[in-house]
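According to my numbering, the sequence shown is numbered sequentially starting from -2. Each remark here refers to the structure printed beneath this line.
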Amino acid sequence: MAMSMGGGDSDKPMGDMNTTPLIDVMLVLLIMFIITIPVQTHATKLDLPPPSNLPNNIKPDFNQVNIDFLNTIYWNDQEVTLEQLQTFLNQVGQIQPAESQPELRLKPDQLAKYEIVNKVMAMAQQAGITKMGFVGNEAYA
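Set out below in structure tokens:
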């Protein structure tokens, strides 16, 4: 009694190809290519603007100068002297191009002396500030 195992046609050649050695060879080639290819560094020259040395007291969109009834001057709600105000105005006036300068908003109190308001406006003009507006005009209407 002979036992038969599996199919009867064992004389036929095997139809499937063993791909395991092929995959091993491909992985070895891939690793060799990765090792031998030099690392490329891409350098792109950029003309970056110089770092801004402006203090945090200058805002990029607008800055407000308030003059209260005691003729005290405030730059963005911080009390300043005329010398400090001149420094801030000069820093804003040096921003080039002039179109990128932040707007200067002047808000004098009704009881503020005209002489002080006029002096602040003259300082802004001398500093080269091109964008200036008044806040609170409805109080004078």
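We put the beta carbon where it would ideally sit given N, CA and C, even for glycine. Note that the structure is a prediction, hence the values are computed from the model and not measured.
Review point. According to the neighbour-count rule (16 or more other Cβ atoms, all chains shown, within 10 Å of its Cβ), is Gln98 buried or exposed?
Key: buried
Check your understanding: Are at least three pairs of beta-carbons, each pair with one atom in the segment 81 to 95 and one in the segment 31 to 44, less than 8 Å apart?
Key -> no
Review point. Helix, strand or coil for Gln75 per DSSP?
Key: strand
**Study point:** Cβ pair Leu101, Ile126 closer than 8 Å
**Key:** yes
Review point. Straight-line CA distance for Val117 to Phe66?
Key: 15 Å
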